[in-house]
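Here the sequence shown is numbered in the working numbering, starting from 865 and rising by one per residue. Take a look at the structure set out below.
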Amino acid sequence: MKRGRPSCRIRWRYRWKHRWQCRHTLACVLFAAAFVPGRPGWAQQGVTDRLIRIGGVMDLEGRSRGLGLGMKAGIEAAIRNQRVKGRRIEFVTLNDSYTPTKTVKATNALVTQGVFVMIGNVGTPTAKVSLPILARSKVPALGFFTGAGILRPGVGDIVNYRASYVQETAAVIRAAIDAGVNPAQICAYVQNDAYGMAGVIGIKRALAALPGTEVVTKTLDVILQQQGENPARNDLGPVGVYQRNTFTSRNGYQSLKNWEQVSKAPCKVVVTVGTYNAISKFAAYSRYKGQNWIISAVSFTGADNFHKALADANIHDRVIMTQVVPALDSKIAIVAEARQKLGDKFGWVSLEGFIVGKLWLDAMEKVQGRITRAKFLANLRGRKFDLGGLTLDYSNDNQGSDLVLLTNLTSDGFKPMSLSAWDALVR
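In structure tokens:
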């Protein structure tokens, strides 16, 4: 029989077998390489033999950039020139302009790049879309700048530093009631999204504990039940709303005025849950319209930027604010260190970032042996400890601090509030 080229069938079988062998060999090489000590694949994702990469997604360029820049500055000050088991720390931050669609892209980018933990993210609507991504990727979420219930406990490996919005709004309402304000005189102006509604939930819970508030709490339920993006929530109760990343306050203001007519009870304290630009615009508009309401704001509003925005609007009084960090003039070690390391960037928001950064360092330094996310989380969960004079307690939940400090606006910014200051406001 004359020898010639193999038949098509034989050639096809040979090529298929050879291709499978090549692919099998390549897979084995890649699999083995992934576990070579000193290579990134061998270590926990985000950890190599030389560095630990952590990530953050926050507003660095948008209308609420003061919050993101403050958190970023605080975290950077805490980890600057620090090493964990000889490894340098790389903090990669991406901007989302406080816009959830951008948050998704930025979060996916950092997860793909490989980060050990996501730290200091800013915002509730942004957390709402990033947390599912982090949970699927098993990336812990540490010290996000939000007090919303979606992180308490939330889905995934979430560790909070700060008190919740429920605790913040409850503290204001309790203090107002103690100072003589009638529950019917408490109104709200909030962002029309998950962040604002987290505040409404807190207001409802605080009012529900008081007698004679059934009608008001039912209207708050109706407001909370509205669904969709920027739903119609004005003119439903003692609440005015504005759309995220906008500054128009007229409709929300009119909603409160309409409620005053319906309820026959004038607003005295307006609990706000929004961003510093939006709330300062609302305060200015209400003053322009002749209202002398006491305006309260939660910590997320950002005290430093809020103070400046209010000053620009010539507002210097009748504004109170809850803070979730110690007073800026506190003598405890962690505040003193933050003050020294942050310099002219030291403020309420950057102090929170600094605390979160130190919290991460403290847990990482206690890791024994190979660095893993599981060991990092184990050093926080179920523990009560002192962090530079600040007591953090994770014994019963995933929130370390219950601190809520009431402050009021002065010519030098927001300062801790006394009972006499409350009395002067409500006269």
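No residue lacks a Cβ here, since even glycine has one placed at the ideal position from N, Cα and C. Model, not experiment: these values are computed from the prediction.
- Across the set 908, 1051 and 972, the C-alpha of 1051 shows the shortest separation from the C-alpha of residue 1065.
- The beta carbons of residue 974 and residue 919 sit closer together than 8 Å.
- Apart from sequence neighbours up to five positions away, the residues of its chain that approach residue 1183 with a beta-carbon distance below 6 Å are 1159 and 1273, ordered along the chain.
- Beta-bridge pairing by DSSP links residue 1280 to 1271.
- Taking the Cα of residue 922 as reference, the smallest distance to any Cα among 961, 949, 1046 and 979 is reached at 961.
- Residue 1204 carries a helical assignment under DSSP once its states are collapsed to helix, strand and coil.
- Residue 1247 sits in coil when the DSSP states are folded into three classes, being neither helix nor strand.
- If only complete runs of 3 or more residues are kept, the stretch 932-1000 shows the beta strand (DSSP E) at 951-959, in order along the chain.
- Apart from sequence neighbours up to five positions away, the residues of its chain that approach residue 1056 with a beta-carbon distance below 8 Å are 1094, 1095, 1097, 1105, 1106, 1107 and 1108, ordered along the chain.
- Non-local C-beta neighbours of residue 1088 in its own chain, meaning closer than 8 Å and more than five positions away in sequence, comprise 1061, 1064, 1065 and 1068, ordered along the chain.
- Here residue 1005 is bridged, per DSSP, to 982 and 1022.
- Taking residue 1249 as reference, the option from 1008, 1236, 1263 and 1073 with the minimal CA-CA separation is 1263.
- Taking a cut-off of 8 Å on C-beta distances, the stretch 1193-1200 touches the stretch 1211-1229, as three or more cross pairs fall below it.
- DSSP, reduced to helix, strand and coil, places residue 1187 within a strand of the structure shown.
- Runs of the alpha helix (DSSP H) lying entirely within the stretch 1106-1130 and spanning at least 4 residues, in chain order: 1114-1127.
- Residue 917 counts as buried, since no fewer than 16 other beta carbons sit within 10 angstroms of its beta carbon.
- Burial of residue 985 is indicated by the presence of at least 16 other C-beta atoms within 10 angstroms of its C-beta.
- Around the beta carbon of residue 1288, a 10 Å sphere encloses fewer than 16 other beta carbons of the protein chains shown; the residue is thus reported as exposed.
- With a cutoff of 8 Å on beta-carbon distance, residue 1212 and residue 1043 are scored as not near each other.
- In the DSSP assignment, residue 1227 falls outside any beta strand (DSSP E) and lies within the alpha helix (DSSP H) extending over 1212-1229.
- For residue 1256, the pairing in a beta bridge is given by DSSP as 1249.
- By the Cβ test, the stretch 953-960 is not in contact with the stretch 995-1009, since fewer than three Cβ pairs between them sit closer than 8 Å.
- Within its own chain, the residues whose Cβ lies closer than 6 Å to the Cβ of residue 997, once the five positions on either side in sequence are excluded, are 971, listed in chain order.
- Burial check for residue 965: the Cβ neighbour count within 10 Å stays below 16, so the residue is exposed.
- Counting C-beta pairs with one atom in each stretch, the stretch 1018-1030 and the stretch 1111-1125 have fewer than three that are closer than 8 Å, which means they do not touch.
- Linking residue 1284 to residue 941 through their CA atoms gives a straight-line distance of about 37 Å.
- The Cβ-Cβ distance between residue 991 and residue 980 does not fall below 8 Å.
- Taking C-beta atoms under 8 Å as the contact rule, residue 1025 and residue 1265 qualify, at a distance of about 6 Å.
- Here residue 1162 is near residue 1032, since their CB atoms are less than 8 Å apart.
- Distance from the Cα of residue 1047 is smallest, within the candidate group 1076, 1035 and 947, for 1076.
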